[in-house]
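Residue numbers (my numbering): 48 to 458.
Reviewing the structure listed below.
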Ligand code: SF4
Ligand code: SF4
């Protein structure tokens, strides 16, 4: 960090030098880092830059110094926080139990509170608050994109080019009955973007739950879980959504709240005190309760991309693979680094396109070496990012699918 950046007189005069807000990372959390450096090579931003300031240890050091008043708040310091993907790979490998996810969410909330307004981030925050957090508005936007795609107008808008072809949204009944004998009553999180972008993954997930003997309840009025907002420093709106959803899901009884999006599941487990203990990822739940014997062969060479918030935040790696191995005819071929982030990280690919692209390039090299015919993942952000990466490499033929879609093919 340059001397000029460290000494920002204007910020100091405004009292902007230290963490003071209610969401700042706690001293206890920051002190858990013993600076051993074992996380460095697991961190995607350190791997591509080789810079200590783009590593977990470096970021924790910067935040600690900032909190103690040893470093003033500067835009340069904020950039090191911005460039963190929030993938939590560091948390999974840390021998000291550093709660990095909590630290970075708090650090981001402070950065957003203190920094000068930046148009791009302001627009992103408003889009999350005004669009993603409102299912009706998001559905209307999805309908507009569908029309634009049909009229071939979507390619004129750069951000719409990265979207998959939309085919109508997922419209759940209030309850989907179990197929055969009812064994469980589960609630299902429909979420924000999944019903619009990947309705087939939702249909497949619900079908698998029904096959596993579940009556599936879709809590009316449920909204976005708030994960995207929390990851981008808007903890205030994330708390409002949490309180809303906890009330909505509290209206009826159920055994488990099943989630098929890794980022949402991780957020619910960590951030929803009244619901978190009853949340399970779809793969976690299905691997535990079991599915009937598959009826069909799916003769495909497949590779599996671990979504960060499944593998690192929820420590779920074996269950999706176990389910894939249960499909007759399927050949699972692993990447060298299936659990390294693809660079999607919510809306990171929009806010930090250059770093995201560098990380995606590494992922594409790894993925294409497998010779897979299909890529499987369990998070909409990863799916979008991998699809974009494959298009850019001239491989649109190589499909990306949610785990549930592939499993459902076997029935
Ligand atoms: S975050 Fe954990 S692994 Fe990384 S330097 Fe700190 S203690 Fe070591
Ligand atoms: S969350 Fe991911 S990008 Fe951020 S410091 Fe940890 S490993 Fe690196």
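Glycine included, every Cβ here is placed at the ideal spot set by N, Cα and C.
Please classify residue i: is it buried, with 16 or more other beta-carbons within 10 angstroms of its beta-carbon, or exposed?
i: residue 197; result: exposed
i: residue 97; result: exposed
i: residue 50; result: Low confidence applies to residue 50: its pLDDT is 39, below 50, so where it sits in the model is not reliable enough to give any reading.
i: residue 317; result: buried
i: residue 380; result: exposed
i: residue 416; result: exposed
i: residue 330; result: buried
i: residue 117; result: exposed
i: residue 83; result: exposed
i: residue 346; result: exposed
i: residue 452; result: buried
i: residue 273; result: buried
i: residue 240; result: buried
i: residue 187; result: exposed
i: residue 299; result: exposed
i: residue 359; result: buried
i: residue 401; result: exposed
i: residue 386; result: buried
i: residue 218; result: exposed
i: residue 376; result: exposed
i: residue 182; result: buried
i: residue 321; result: exposed
i: residue 155; result: buried
In this structure, does DSSP put residue i in helix, strand or coil?
i: residue 67; result: coil
i: residue 419; result: coil
i: residue 449; result: strand
i: residue 165; result: coil
i: residue 81; result: coil
i: residue 424; result: strand
i: residue 156; result: helix
i: residue 223; result: strand
i: residue 145; result: coil
i: residue 118; result: coil
i: residue 124; result: helix
i: residue 191; result: helix
i: residue 304; result: strand
i: residue 433; result: helix
i: residue 299; result: coil
i: residue 57; result: With a pLDDT of 43 at residue 57, under the threshold of 50, the modelled position of this residue cannot be trusted; read the value that follows with caution. Residue state, collapsed to three classes: helix.
i: residue 134; result: coil
i: residue 458; result: coil
i: residue 97; result: coil
i: residue 182; result: helix
i: residue 211; result: coil
i: residue 75; result: helix
i: residue 443; result: coil
i: residue 198; result: coil
i: residue 281; result: coil
i: residue 438; result: helix
i: residue 104; result: helix
Would you check whether ligand 1 has a heavy atom nearer than 6 Å to the C-beta of residue i?
i: residue 83; result: yes
i: residue 104; result: yes
i: residue 261; result: no
i: residue 388; result: no
i: residue 222; result: no
i: residue 143; result: yes
i: residue 86; result: yes
i: residue 80; result: yes
Using a Cβ-based criterion (distance less than 6 Å to any ligand heavy atom), does residue i qualify as near ligand 2?
i: residue 133; result: yes
i: residue 136; result: yes
i: residue 92; result: yes
Against chain D, with Cβ distances strictly below 7 Å, would residue i count as a contact?
i: residue 77; result: Among the protein chains of the structure shown there is no chain D, as only one such chain exists.
Q. Considering only residues of the region 344 to 414, which uninterrupted beta strand (DSSP E) runs meet the minimum length of 3 residues and lie entirely inside it, listed in chain order?
A. 348 to 351
Q | Start-end ranges of the alpha helix (DSSP H) lying completely within the region 307 to 342, minimum 4 residues | A | 309 to 318, 329 to 336
Q. What are the start and end residues of each continuous beta strand (DSSP E) run of 3 or more residues lying completely inside the region 228 to 279, in chain order?
A. 231 to 235, 261 to 264
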